[in-house]
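Chemist:
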Ligand code: SME
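Numbering (our numbering), first residue to last: 2 to 170.
Set out below in structure tokens:
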């Protein structure tokens, strides 16, 4: 099977457990990284991968750290806010604290920047390469409390893989 054929294998599937789903996603991220050294192309395919494989998601993508703020990167979903100050919103909080933020109900979170009225819960995971913030993974869901510890672990490993691919670029 060629690399391209392996990519064509990306489509929504049911997995018996979240750890198995995330193992599949991590494998696909490595394949995505094998195809190019261009980090923006890697992130574009990663946003599409999350969108295709994670159930109950209405936005998946990246904000990249640039000149002291977060700037919208590759994503799938509705058009979103283009720039976020560090400390603002869930993304800005993850960037300031350098820790994953899981919000069970965005409507009861005062520091949430609404981009899509359908969003109910959200997870934001920082991507850190050699101690420096590269950006954040941002995934939104229309389901309240959609993201649990297994999603957190799976997406933190995804962020580590992306950090490695960023250093290769
Ligand atoms: N919800 C984010 C803003 C970006 S949108 O969700 C795509 C936040 O509060 O940081």
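A virtual CB, placed ideally from N, CA and C, is assigned to each residue, including glycine.
Just so you know, these numbers come straight off a predicted model, no measurement behind them.
For residue 44 and residue 98, I'd like the C-alpha separation in whole angstroms.
Modeler: Start at 1 with the first residue of the chain shown, and residue 44 comes out as number 43. Start at 1 with the first residue of the chain shown, and residue 98 comes out as number 97. One C-alpha to the other measures close to 22 Å.
Chemist: Cβ-heavy atom distance between residue 111 and the ligand SME below 7 Å?
Modeler: Numbered from its first residue, the chain shown carries residue 111 at position 110. Every heavy atom of the ligand SME is 7 Å or more from the Cβ of residue 111, so no.
Chemist: Output needed for residue 128: all residues of its chain with C-beta closer than 6 Å, excluding positions within five of it in sequence on either side, in chain order.
Modeler: Walking along the chain shown from the start, residue 128 turns up at place 127. Around residue 128: 135, 136, 160, 163 and 164.
Chemist: Using the three-state DSSP reduction, which class does residue 96 fall into: helix, strand or coil?
Modeler: The sequence position of residue 96 within the chain shown is 95, counting from 1. Residue state, collapsed to three classes: helix.
Chemist: Out of curiosity, what's the CA-to-CA distance linking residue 37 and residue 112?
Modeler: In the chain shown, counting from the first residue as 1, residue 37 sits at position 36. In the chain shown, counting from the first residue as 1, residue 112 sits at position 111. Those two C-alpha atoms are separated by around 36 Å.
Chemist: Considering only residues of the region 115-139, which uninterrupted beta strand (DSSP E) runs meet the minimum length of 3 residues and lie entirely inside it, listed in chain order?
Modeler: Those beta strand (DSSP E) runs which fall completely within the region 115-139 and span 3+ residues are 122-130.
Chemist: Measuring alpha carbon to alpha carbon, tell me which residue in 28, 79, 149 and 138 is nearest residue 104.
Modeler: As a working note, residue 104 is residue 103 in the chain shown. The residue with the shortest Cα to Cα distance from residue 104 is 149.
Chemist: Distance, Cα to Cα, residue 158 vs residue 48?
Modeler: Walking along the chain shown from the start, residue 158 turns up at place 157. Walking along the chain shown from the start, residue 48 turns up at place 47. Near 15 Å, if we compare the C-alpha coordinates of residue 48 and residue 158.
Chemist: How many angstroms separate the CA atom of residue 125 from the CA atom of residue 117?
Modeler: Locating residue 125 in the chain shown gives position 124, counting from the first residue. Locating residue 117 in the chain shown gives position 116, counting from the first residue. Whole-angstrom Cα-Cα distance: 16 Å.
Chemist: Should residue 66 go down as buried or exposed, given a rule of 16 or more other Cβ atoms within 10 Å for buried?
Modeler: Here residue 66 refers to the residue found at position 65 when the chain shown is read from its first residue. So residue 66 ends up on the buried side.
Chemist: At the level of alpha carbons, what is the spacing between residue 114 and residue 85?
Modeler: If you number the chain shown from 1, residue 114 lands on position 113. If you number the chain shown from 1, residue 85 lands on position 84. Each residue's Cα considered, the two are about 9 Å apart.
Chemist: CB-CB under 6 Å to residue 61, same chain, minus the five flanking residues each way: which ones, in chain order?
Modeler: Residue mapping note: residue 61 aligns to position 60 of the chain shown, counting from 1. Taken in chain order, the residues that qualify are 48, 51, 52, 77 and 140.
Chemist: Please state the DSSP three-state secondary structure of residue 161.
Modeler: Taking the chain shown and counting its residues from 1, one reaches residue 161 at position 160. DSSP places residue 161 in helix when its eight states are reduced to three.
Chemist: Would you mind stating whether residue 64 and residue 72 have Cβ atoms separated by less than 8 Å?
Modeler: By one-based count along the chain shown, residue 64 stands at place 63. By one-based count along the chain shown, residue 72 stands at place 71. Yes, they are a contact pair.
Chemist: Can you name the start and end residues of the beta strand (DSSP E) that residue 63 belongs to?
Modeler: Working through the chain shown from its first residue, we reach residue 63 at position 62. Run containing residue 63: 60-67, per the beta strand (DSSP E) assignment.
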